[in-house]
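Q: Counting from 1, one number per residue, gives the positions in the sequence shown under UniProt numbering.
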Amino acid sequence: MPLTAKRPTRWSWRALLPWGVGVLPLLCGLAVMRWQTEQELQASSLATAREVGVHVEAILDSLSSAAHHLLPKAGLPCDEVQLALRIEVTRNAFVRSTNLFDHDRLYCTSLFGDFDEPVNASDYTNGQLWLMNGNSVTPGQALLVYRVNQESRGDRGAITTVDGRHLLTALHLIGADNLVKVHVGNHWMGSDGQVHDGKPPLAATAATQYASTRYPFDVHAGYEEGRQAALMRSRYPALLSLLLMLGLAAGAACRWQIRRASSSRGELDRALDADEFVPYFQPVVRKGDYRWAGVEVLMRWQHPREGLVRPDLFIPYAEHSGQIVAMTRALMLHTAQALAPHAALLEDGFHVGINITADHCRDLGLLDDCQTFLQHFPPGRVVLTLELTERKLIEPTPVTLELFEKLHAMGVMIALDDFGTGQSSLNYLRQFQVDYLKIDQSFVAMIGGDALSQHILDTIIELSAKLGLGIVAEGVETEVQRDYLARHEVDFQQGYLFARPMPADELLLALAAQPGSPQLPPGNGPEIMRG
Ligand SMILES: Nc1nc2c(ncn2[C@@H]2O[C@H](COP(=O)(O)O[C@H]3[C@@H](O)[C@H](n4cnc5c(=O)[nH]c(N)nc54)O[C@@H]3COP(=O)(O)O)[C@@H](O)[C@H]2O)c(=O)[nH]1
1 MPLTAKRPTR
11 WSWRALLPWG
21 VGVLPLLCGL
31 AVMRWQTEQE
41 LQASSLATAR
51 EVGVHVEAIL
61 DSLSSAAHHL
71 LPKAGLPCDE
81 VQLALRIEVT
91 RNAFVRSTNL
101 FDHDRLYCTS
111 LFGDFDEPVN
121 ASDYTNGQLW
131 LMNGNSVTPG
141 QALLVYRVNQ
151 ESRGDRGAIT
161 TVDGRHLLTA
171 LHLIGADNLV
181 KVHVGNHWMG
191 SDGQVHDGKP
201 PLAATAATQY
211 ASTRYPFDVH
221 AGYEEGRQAA
231 LMRSRYPALL
241 SLLLMLGLAA
251 GAACRWQIRR
261 ASSSRGELDR
271 ALDADEFVPY
281 FQPVVRKGDY
291 RWAGVEVLMR
301 WQHPREGLVR
311 PDLFIPYAEH
321 SGQIVAMTRA
331 LMLHTAQALA
341 PHAALLEDGF
351 HVGINITADH
361 CRDLGLLDDC
371 QTFLQHFPPG
381 RVVLTLELTE
391 RKLIEPTPVT
401 LELFEKLHAM
411 GVMIALDDFG
421 TGQSSLNYLR
431 QFQVDYLKID
441 QSFVAMIGGD
451 ALSQHILDTI
461 IELSAKLGLG
471 IVAEGVETEV
481 QRDYLARHEV
491 DFQQGYLFAR
501 PMPADELLLA
511 LAAQPGSPQL
521 PPGNGPEIMR
531 G
């Protein structure tokens, strides 16, 4: 059944798409936020590394200046130069000690005067810098040592030192929220103030490096794991909630749209746009000669996958949803376009019955539909009959009464369909100017049955005669039924005994084959006849 058919192959994407659409804005937003925070952390990390680097360079400038002042004194006796060593310590804020070495032995220090300790140039990166984990005076306390030798003598020169706490202050003040490390040769110092061996580990987030071009050291900076997520949460709480809501709304809208498109209503709308509702025609024969006096137009749905669909599978829903009005309008247009080019095949006053429901009677729009239909045919060739059903009750409002009055003025006939089956048949008879009664097929099926059933049928026939109404019996399937109805002067009969509902080509072919049918103009026959 087209309106409720399940399509398992399409289920998966239908279920997944709303999730995809919902998550997409969130993912895009997160990607943009991630990129932005990454750039921000990278820039801040680099700025910190550079700032710490410049500060360390300034400290080293101080050490270098003191060492270069003392360099010419290297090799002189310690008691001659000791004062000069101490003056340099006093003059330079960062210098903790000054020392002279000769023949690769430290022989004079600002702290002790005469001294004797080996100096190994290979301990110093580029022969210039050594990050030590303390010395004999302050063991375990970081010390940065600067060494310079005389140009002519590599084993003679000056050594100056700075306390590691000066570096630590820079790391704490400049890189307070950053993981900053000063790296010299095979040693590095982090914000714990300890000197470690090897290369410093890379930070988990936004790892950057500043390499000094003036001294052999570099500064590593970066942030701990999860820093970026924390920044995103603190920086964009409103945007995150907005994205979440946007995602939810997009997902819900997508879900609604898919449901709508796959709903019965959506399916009927699609079919209407695709012009899939086509007319079938069931002939109505008149008493006496049983010639085809007209047709009832019955809707069929030419479904692209299901094939030809019976109306009882979709008409009840279309009537319930109100879409039946647009569908009937399309059906009337199709009918006119199919029959009008072959109007010569129709005898004058040929009845065309169209089923309408209560929804058609709410305004005067039906007048235009009928007008348009009749305009397709030569005047008087076709009598349009609207068949009212009781599936939905028609209220006798001023608009409805005006509609029926104007329809009559236009020459449109009204028939009460399925007469006798509903509770309103008699009310309809009183309220609207009815022209025909269509006896429901359930009464026709009673012919030859029990006496009571037959009595009801006889009463309906009598009633129509007394009221001066035309009468049509539908659902005639046997000759017994046909003859009984003929004996009771029923004007018209309709049923499988005479013909089943058929497509337009078949109808036109059959009409042309009827004895005494008017001659068709050449090349104007129905498609089926030309083929
Ligand atoms: N509002 C609209 N309702 C419509 C329209 N087109 C059809 N319908 C209604 O759908 C119901 C089913 O119609 P359908 O399957 O086309 O059945 C019709 C005939 O085929 C059937 N019929 C005719 N002769 C016989 C017969 O000898 N035996 C037998 N068992 N069935 C027969 O009866 C249906 C005609 O019914 P009715 O309209 O009451 O004359 C049906 O309720 C249609 O009304 C539409 O465009 N709009």
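Note that the Cβ used here is the ideal one computed from N, Cα and C, for glycine as well. Computed from a prediction, not measured in an experiment: that's the story for all the values here.
What would DSSP say about Met232, mapped onto helix, strand or coil?
A: As a working mapping, residue 232 is identified with position 232 in the sequence shown. Reduced to three states, the DSSP call for Met232 is helix.
Q: At a threshold of 7 angstroms, does Ile324 count as lining ligand 1 (C-beta to nearest heavy atom)?
A: The residue you call residue 324 lines up with position 324 of the sequence shown. Yes, Cβ of Ile324 sits closer than 7 angstroms to a heavy atom of ligand 1.
Q: Please state the DSSP three-state secondary structure of Pro522.
A: As a first step, residue 522 must be located in the sequence shown, where it is residue number 522. With a pLDDT of 47 at Pro522, under the threshold of 50, the predicted position of this residue should be treated as unreliable, though the coordinate-derived value follows. Reduced to three states, the DSSP call for Pro522 is coil.
Q: With a threshold of 16 other CB atoms inside 10 Å of the CB of Phe314, please say whether the residue is buried or exposed.
A: For the purposes of this step, residue 314 is taken as residue 314 along the sequence shown, with counting starting at 1. That one is buried.
Q: Whole angstroms are fine: how far does the CA of Thr328 sit from the CA of Leu308?
A: One-based indexing of the sequence shown puts residue 308 at position 308. One-based indexing of the sequence shown puts residue 328 at position 328. Going from the Cα of Leu308 to the Cα of Thr328 covers about 17 angstroms.
Q: Ligand 1 and Val490: does any heavy atom of the ligand fall closer than 7 angstroms to the residue's C-beta?
A: To locate residue 490, count along the sequence shown from 1; it is residue 490. No, since every heavy atom of ligand 1 falls outside the 7 angstroms radius drawn around the Cβ of Val490.
Q: Among all the DSSP beta bridges, which residues are the ones paired with Gln282?
A: Taking the first residue of the sequence shown as 1, we reach residue 282 at position 282. Glu296, per the DSSP bridge assignment.
Q: Based on the DSSP output, what are the partners of Pro118 in its beta bridges?
A: Stepping through the sequence shown from its first residue, residue 118 is reached at position 118. Looking at the DSSP assignment, Pro118 forms a beta bridge with Arg105.
Q: So, for Ala67: in the same chain, excluding its five sequence neighbours on each side, which residues have a beta-carbon less than 8 angstroms away from its beta-carbon?
A: By 1-based counting over the sequence shown, the position of residue 67 is 67. Result list for Ala67: Thr98, Tyr146, Arg147, Val148, Gly157, Ala158, Ile159, Thr160, in chain order.
Q: Should Arg10 be labelled buried (16 or more other beta-carbon atoms within 10 Å of its own) or exposed?
A: Within the sequence shown, numbered from 1, the residue matching residue 10 stands at position 10. In this prediction, Arg10 has a pLDDT of 49, which is less than 50 and means its spatial position is unreliable; what the coordinates show is noted afterwards. So Arg10 counts as exposed.
Q: Classify Asn186 as helix, strand or coil using the three-state DSSP reduction.
A: Here residue 186 corresponds to residue number 186 of the sequence shown, with the count starting at 1. Three-state DSSP puts Asn186 in coil, outside helix and strand.
Q: If you measure from the CB of Gly475, is any heavy atom of ligand 1 nearer than 7 angstroms?
A: Taking the sequence shown and counting its residues from 1, the one referred to as residue 475 is at position 475. Yes; taking the cut-off as 7 angstroms, the Cβ of Gly475 has a heavy atom of ligand 1 nearer than that.
Q: Taking C-beta to C-beta, are Ala170 and Val56 nearer than 8 angstroms?
A: As a working note, residue 170 is residue 170 in the sequence shown. As a working note, residue 56 is residue 56 in the sequence shown. A contact, by the Cβ cut-off of 8 angstroms.
Q: Quick one, are the C-beta atoms of Met502 and Phe281 less than 8 angstroms apart?
A: On the sequence shown, position 502 is the one that residue 502 refers to. On the sequence shown, position 281 is the one that residue 281 refers to. Yes; because the gap between Cβ atoms is below 8 angstroms, this pair is in contact.
Q: Return the residue from the list Gly193, Gln337, Trp301 that minimises the CA-CA distance to Ala504.
A: As a first step, residue 504 is located in the sequence shown; it is residue number 504 there, counting from the start. Measuring from the Cα of Ala504, the nearest candidate turns out to be Gln337.
Q: Would you say Asp418 touches ligand 3, meaning its beta carbon is less than 7 angstroms from a heavy atom?
A: As presented, the structure is devoid of ligand 3, carrying ligand 1 as its sole ligands.
Q: Would you call Arg300 buried or exposed, if buried means 16 or more other Cβ atoms sit within 10 Å of its Cβ?
A: For the purposes of this step, residue 300 is taken as the residue at position 300 of the sequence shown. The residue is buried, with at least 16 neighbouring Cβ atoms inside 10 Å.
Q: According to DSSP, is Phe404 helix, strand or coil?
A: Counting from one through the sequence shown, the residue named residue 404 turns up at place 404. DSSP places Phe404 in helix when its eight states are reduced to three.
Q: Please report the distance separating the alpha-carbon of Arg255 from that of Arg14.
A: Position 255 of the sequence shown, counted from the first residue, corresponds to residue 255. Position 14 of the sequence shown, counted from the first residue, corresponds to residue 14. So the alpha carbons of these two residues sit roughly 8 angstroms apart.
Q: Quick one: Cα of Met132 to Cα of Val195, how far?
A: As a position in the sequence shown, residue 132 is number 132, starting the count at 1. As a position in the sequence shown, residue 195 is number 195, starting the count at 1. Answer to the nearest angstrom: the Cα atoms are 7 angstroms apart.
Q: Taking DSSP as the reference, what is the three-state secondary structure of residue 565?
A: This structure cannot speak to residue 565, because the chain is shown only from 1 to 531.
Q: What is the DSSP secondary structure of Asn149, counted as helix, strand or coil?
A: Counting from 1 along the sequence shown, the entry for residue 149 is found at position 149. Correct three-state label for Asn149: strand.
Q: Since Thr160 is in the beta strand (DSSP E), which residue starts that stretch and which ends it?
A: Position 160 of the sequence shown, counted from the first residue, corresponds to residue 160. Counting along the chain, the beta strand (DSSP E) containing Thr160 begins and ends at 157 to 163.
Q: Give the secondary structure of Met413 by DSSP, where H, G and I count as helix, E and B as strand, and everything else as coil.
A: Locating residue 413 in the sequence shown gives position 413, counting from the first residue. It is a strand residue.
Q: Taking the Cβ atom as the reference point for each residue, do Gly475 and Gly449 lie within a distance shorter than 8 angstroms?
A: By 1-based counting over the sequence shown, the position of residue 475 is 475. By 1-based counting over the sequence shown, the position of residue 449 is 449. No, Cβ-Cβ distance for Gly475 and Gly449 is not below 8 angstroms.
Q: Report all residues from its chain with a CB closer than 7 angstroms to the CB of Gln454; omit the five preceding and five following residues, and keep chain order.
A: One-based indexing of the sequence shown puts residue 454 at position 454. Same-chain partners within the cutoff: Met446, Ile447.
Q: So with Cβ pairs under 8 angstroms, would you call Ile394 a contact of chain C?
A: Reference to chain C is not applicable here, since this structure consists of a single protein chain.
Q: Specify the secondary structure class of Met446 as computed by DSSP and reduced to three states.
A: Numbered from 1 along the sequence shown, position 446 holds the residue referred to as residue 446. Reduced to three states, the DSSP call for Met446 is coil.
Q: Could you pull out every unbroken alpha helix (DSSP H) segment of at least 4 residues lying fully inside the segment 16 to 102, listed in chain order?
A: Listed in chain order, they are 78 to 91.
Q: Is it right to say Leu467 is buried, meaning 16 or more other beta carbons lie within 10 angstroms of its own, or is it exposed?
A: As a first step, residue 467 must be located in the sequence shown, where it is residue number 467. Burial call: exposed.
Q: Which value, in whole angstroms, describes the spacing of the CA atoms of Leu520 and Leu345?
A: Residue 520 sits at position 520 when you count from the first residue of the sequence shown. Residue 345 sits at position 345 when you count from the first residue of the sequence shown. Its pLDDT being 49, under 50, Leu520 is placed unreliably by the model, and nothing is read from it.
Q: Just mark Gly175 as buried or exposed, buried being the case when its beta carbon has 16 or more other beta carbons within 10 Å.
A: Counted from its first residue, the sequence shown places residue 175 at position 175. By the 10 Å Cβ count, Gly175 comes out buried.
Q: Following a CB-centred definition, is Pro503 positioned closer than 7 angstroms to any heavy atom of ligand 1?
A: To locate residue 503, count along the sequence shown from 1; it is residue 503. No.
Q: Where does the unbroken alpha helix (DSSP H) through Asp369 begin, and where does it stop?
A: Your numbering for residue 369 matches position 369 in the sequence shown. Start and end: 365 to 375.
Q: Within this structure, are the beta carbons of Ala221 and Ala203 separated by less than 8 angstroms?
A: Locating residue 221 in the sequence shown gives position 221, counting from the first residue. Locating residue 203 in the sequence shown gives position 203, counting from the first residue. In contact: Ala221 and Ala203 (Cβ atoms closer than 8 angstroms).
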